[in-house]
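Colleague: Note that full-length UniProt numbering numbers the sequence shown so that position 52 is 52, with each residue one more than the last.
Provided herewith is a single structure, encoded as structure tokens, for subsequent inquiry.
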Amino acid sequence: MLNPSHQGAQMGRQAPVSQHYNGPGQQSAASALTSFVTYAKAMQDLDEKSFPVEYEAHRDRLLKLEPMLRVHGILDVMEIRNPEIKALLRIP
1 MLNPSHQGAQ MGRQAPVSQH YNGPGQQSAA SALTSFVTYA KAMQDLDEKS
51 FPVEYEAHRD RLLKLEPMLR VHGILDVMEI RNPEIKALLR IP
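Structure below.
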């Protein structure tokens with residue numbers, strides 16, 4: 001319900017549901033993009049042979065974010081310049 005002091009509250013109207021609400025286990029497109037850039041930059045700065053565990057962890061995180069980025073069309077409008085990350089995401 002609306003806050004009692006809100007003009008529409010006296011008429012019994014409910015507050016509109018926010019389109020930005022993310023329930024448990026959900027992630028917004030903006031959050032996914034921020035995470036993607038963070039992990040991609042970290043992976044780019046790591047030497048796979050010197051830090052294989054960390055490299056693999058960032059790689060796995062990027063792969064988990066891929067579906068969210070594709071659903072929201074982010075990968076359609078964003079240019080991936082790192083060839084390793086581009087290949088990982090199967091971007092031509």
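Ideal placement from N, C-alpha and C gives every residue a C-beta, glycine not left out.
1. Please name the residue, chosen from 60, 67 and 53, that lies closest to residue 76 on a Cα-to-Cα basis.
2. Could you compute how far the alpha carbon of residue 53 sits from the alpha carbon of residue 79?
3. Quick one: using the 10 Å Cβ neighbour count with 16 as the cut-off for buried, is residue 30 buried or exposed?
4. Which of the three DSSP states is assigned to residue 48 in this structure?
5. Using CA atoms only, rank isn't needed, just tell me which of 48, 58 and 51 is closest to residue 38.
6. Using the Cβ count rule (16 or more neighbours within 10 Å means buried), how would you classify residue 62?
7. Using beta carbons (cut-off 9 Å, strictly below), is residue 83 in contact with chain B?
Modeller: Once the coordinates are examined:
1. Nearest option by C-alpha distance: 67.
2. Distance between the alpha carbons of residue 53 and residue 79: 27 Å.
3. Exposed, because fewer than 16 other Cβ atoms sit within 10 Å of the Cβ of residue 30.
4. Residue 48: coil per DSSP, three-state reduction.
5. That would be 58, whose Cα lies nearest to the Cα of residue 38.
6. By the Cβ neighbour-count rule, residue 62 is buried, with 16 or more other Cβ atoms within 10 Å of its own.
7. Any reference to chain B falls outside this structure, which holds one protein chain only.
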